[in-house]
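Sequential numbering of the sequence shown, starting at 1, is according to the working numbering.
Ideal Cβ positions, reconstructed from N, Cα and C, are used throughout, including at glycine.
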Amino acid sequence: MCGIVGCLGFKNPREYVLNGLKTLDYRGYDSAGVAYYNDGIRIYKDVGAVEHLMELVPQDIKTDIMIGHTRWATHGVPNVANTHPHISKHKKICLVHNGVIENYEDVKKFLIGKHYDFYGDTDSEIVANLIEHYYLSENDILDALKKCMFVLKGSYALAIICNDYPDEMFVMKNGSPLVIGKGDGFNFVASDASPMIKYTDAFIELNDQEYGRITKTNVDIYDANGVKVTKKLIKKDIESISHDLKGYPHYMLKEIEEIPQTIKRLLETYVKDGKYTFDESLLNKLRESDHIMFIACGTSYHSSLVGGRYFEHYGKSTSKYIASEWAFDPVFPGNKPFIILISQSGETADLIHCLKIIKEHNLKNLIITNTGGSTLDRNCMYSLLLHSGVEVSVASTKAYVAQVTLLAMLAASLSKDTKLIDDLTDSLDVIYDIQDHYKPLIMKVADEIKDKKNLFYLGRSFDYFLSLEASLKLKEISYIHSEAIPGGELKHGPIALIEKGIPVIVFITDPETAPSMRGNIEEVKSRGAKVYTIATKSLSRPEDTIMVEDYAYYLSSVAVSSIAFYLAYYVALAKGLNVDKPRNLAKSVTVE
Ligand code: AGP
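Put into structure tokens, the structure is as follows:
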């Protein structure tokens with residue numbers, strides 16, 4: 001995880017670096033720091049979020065070069081010593097790092113043999129010292145970087161300043177993202193383009209195993225053999241990477257309310273004149289395969305459960321795997337599997353590990369991601385973008401709905417089934433209705449459950465898949481222990497946990513499963529549970545908590561997931577928690 005920024009020649013480096021770190025703090029917020037050159041390298045850093053760092057960094061900094069970092073702790077607890085930037089023993093090299101160095105223990109031993117010692121526990125401090133060691137022996141900073149690239153195993157995006165080159169910044173990348181923003185007489189670096197869009201729309205994306213030198217006016221990038229590479233300037237569309245809160249108090253609320261727009265954009269992108277526009281070669285590969293495997297993590301895994309069911313509906317055999325589980329015991333069902341990876345960020349390390357295995361087996365693959373230019377987008381055989389706009393809140397909402405929507409469209413396009421398009425369009429009214437009329441009711445439920453320690457979600461079939469996601473959302477941001485249980489499984493064990501006053505939230509939106517769900521409600525009520533029901537109008541009873549307009553039942557993750565998202569949001573708000581940045585988490589999980 002972690003976010004890095006840097007600038008050279010920019011008129012207000014403090015503003016760019018600190019605001020840039022705020023923009024990137026969705027990548028981690030355990031601690032933050034900056035370094036700049038002014039007659040030597042100066043560092044300010046502390047535990048806590050960027051807001052705190054802003055109070056520490058002097059207003060009147062005079063410098064042409066500055067780097068900054070916001071950290072999600074991997075190696076070493078969040079304390080000042082482990083906070084970036086890190087400086088080498090002889091104060092030559094100062095750097096910020098995003099990634100994980102796998103062989104840091106070996107490198108550390110090597111450096112101890114060279115009389116290096118360390119003030120903290122991070123792998124990043126070791127990288128600073130390794131660069132310094134090679135710099136002092138090679139006498140050339142670029143040669144030192146090349147050598148380090150050869151030695152270091154693992155992932156890194158590095159922005160480096162050197163005491164002997166006050167007008168130059170150095171970069172190095174493998175596995176973790178790093179983007180350069182080109183300005184007129186100034187240049188930037190950052191983990192993604194969002195901190196830079198206010199100042200430039202021209203970007204250079206570094207590939208793995210590349211390093212280079214940046215000045216105010218130049219960018220020189222080299223491959224692992226030291227050969228200079230010609231980099232393309234990429235123009236980015238500002239709207240798609242904007243982190244503007246647009247008047248909302250939190251990103252999560254903004255992103256929930258962007259759900260209808262997200263569905264509409266997918267319909268506009270992948271349907272023309274009533275027909276799907278997916279790449280025929282992709283559709284043929286999917287048709288030819290005898291088994292479709294889905295691999296993902298967290299929320300994206302939940303969307304694969306729904307999506308997998310859609311493909312099964314069109315006659316495909318499927319299996320769904322959690323990336324971190326599959327990576328350590330890879331199985332390949334069928335004779336000709338096709339693999340669909342799903343990732344909002346496109347940077348999830350567990351999934352990148354899976355892709356490596358998939359490639360070793362030469363298997364056809366597709367990534368469904370919200371992040372064009374991400375590692376998975378660049379390295380998968382096919383890529384379909386979610387076009388949801390950047391999702392900042394750690395709790396994924398609009399991207400989940402977008403994933404399910406896109407999977408439904410892709411599955412339906414295999415059989416040229418266009419009824420889905422009407423069903424999706426109809427579901428928009430259900431979502432708008434929830435946004436316009438149900439928030440006060442959801443807030444009331446939030447208030448009733450906010451002090452509970454445990455809670456259950458119940459559903460069957462598509463409502464069960466939605467329950468899984470609803471439950472993850474609630475635990476993630478409200479810290480209430482929550483579990484999703486398929487209605488029929490209650491009696492096989494979980495019912496033992498039902499006791500007086502425990503909240504049980506039930507989805508009843510599927511005509512097939514509604515009668516059994518009503519039976520489940522009686523079972524938990526008779527054991528003292530406080531039941532809240534979310535039902536579609538045609539299946540509802542007067543005692544239900546929330547009754548929503550009818551929709552095609554198989555779209556519950558699209559049409560009524562907003563209720564679950566609002567509920568998690570309002571519970572966290574009522575508890576006074578940090579909605580967008582829940583404890584211990586980060587938006588993109590770039591460590592395994
Ligand atoms: C979602 O609310 C979570 N923060 C998390 O489970 C997330 O979905 C997971 O880390 C996968 O991320 P990805 O979609 O970016 O790969």
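Scanning its chain for C-beta atoms nearer than 8 Å, with the 5 sequence neighbours on each side dropped, one finds around tyrosine 248 the residues Lys254, Glu257, in chain order. With fewer than 16 neighbouring CB atoms inside 10 Å of its own CB, histidine 361 falls in the exposed class. Of the residues assessed, alanine 224 falls on the exposed side of the cut-off, its CB having fewer than 16 other CB atoms within 10 angstroms. In the structure shown, the three-state DSSP call for alanine 564 is helix. In this structure, lysine 575 sits near lysine 450, with a CB-CB distance shorter than 8 Å.
If you check the C-beta of serine 345 against the ligand AGP, you find a heavy atom less than 7 Å away.
In this structure, glutamine 344 places its C-beta atom within 8 Å of the C-beta atom of serine 396. With a 10 Å radius around the Cβ and a threshold of 16 neighbouring Cβ atoms, threonine 425 comes out exposed.
DSSP places histidine 84 outside both helix and strand once states are collapsed to three, so it counts as coil.
Only buried fits asparagine 365, as 16 or more other CB atoms lie within 10 angstroms of its CB.
Going by DSSP, alanine 412 is part of the alpha helix (DSSP H) stretching over 398–414. For the ligand AGP, a non-hydrogen atom lies closer than 7 Å to the CB of leucine 351. When Cβ pairs closer than 8 Å are counted between the two stretches, the segment 500–508 is seen to touch the segment 522–540, the count reaching three or more. Threonine 405 places its beta carbon 8 Å or farther from that of isoleucine 508. Apart from the 5 residues on each side of it in sequence, threonine 122 sits with its Cβ closer than 7 Å to the Cβ of His75, Gly76, Asn82, His86 in its chain, given in chain order. In this structure, glutamate 483 has its beta carbon at no less than 7 Å from each heavy atom of the ligand AGP. Serine 482 is a Cβ neighbour of lysine 475, given a cutoff of 8 Å.
Between arginine 460 and proline 486, the C-beta gap is smaller than 8 Å, which places the two residues in contact. Within 10 angstroms of the beta-carbon of isoleucine 112 lie fewer than 16 other beta-carbons, which makes it exposed. Between the C-alpha atoms of leucine 53 and alanine 35 there is a straight-line separation of about 12 Å. Within the chosen limit of 7 Å, the ligand AGP reaches the beta carbon of glutamate 476 through at least one heavy atom. Cβ-Cβ distances below 6 Å link methionine 252 to Ser393, Ala395, Tyr569, Val579, Asp580 in the same chain, with the five nearest sequence neighbours on each side left out; the list follows chain order. Between histidine 133 and lysine 153, the C-beta gap is not smaller than 8 Å, which leaves the two residues out of contact. The beta carbons of isoleucine 4 and alanine 157 sit closer together than 8 Å. Buried is the label assigned to arginine 71, since at least 16 other Cβ atoms lie within 10 Å of its Cβ. Check the Cα spacing between isoleucine 340 and each of Phe311, Glu125, Glu325: the tightest is with Phe311. Placement of the Cβ of lysine 473 at a distance of less than 7 Å from at least one heavy atom of the ligand AGP is found.
Taking 7 Å as the cut-off, the C-beta of glycine 20 does not count as close to any heavy atom of the ligand AGP. Isoleucine 160 is positioned such that its CB atom lies closer than 8 Å to that of valine 171. A Cβ-Cβ distance of about 18 Å is found for the pair threonine 369 and leucine 363, leaving them out of contact under the 8 Å criterion. If you check the CB distance, histidine 302 and alanine 327 do not come in under 8 Å.
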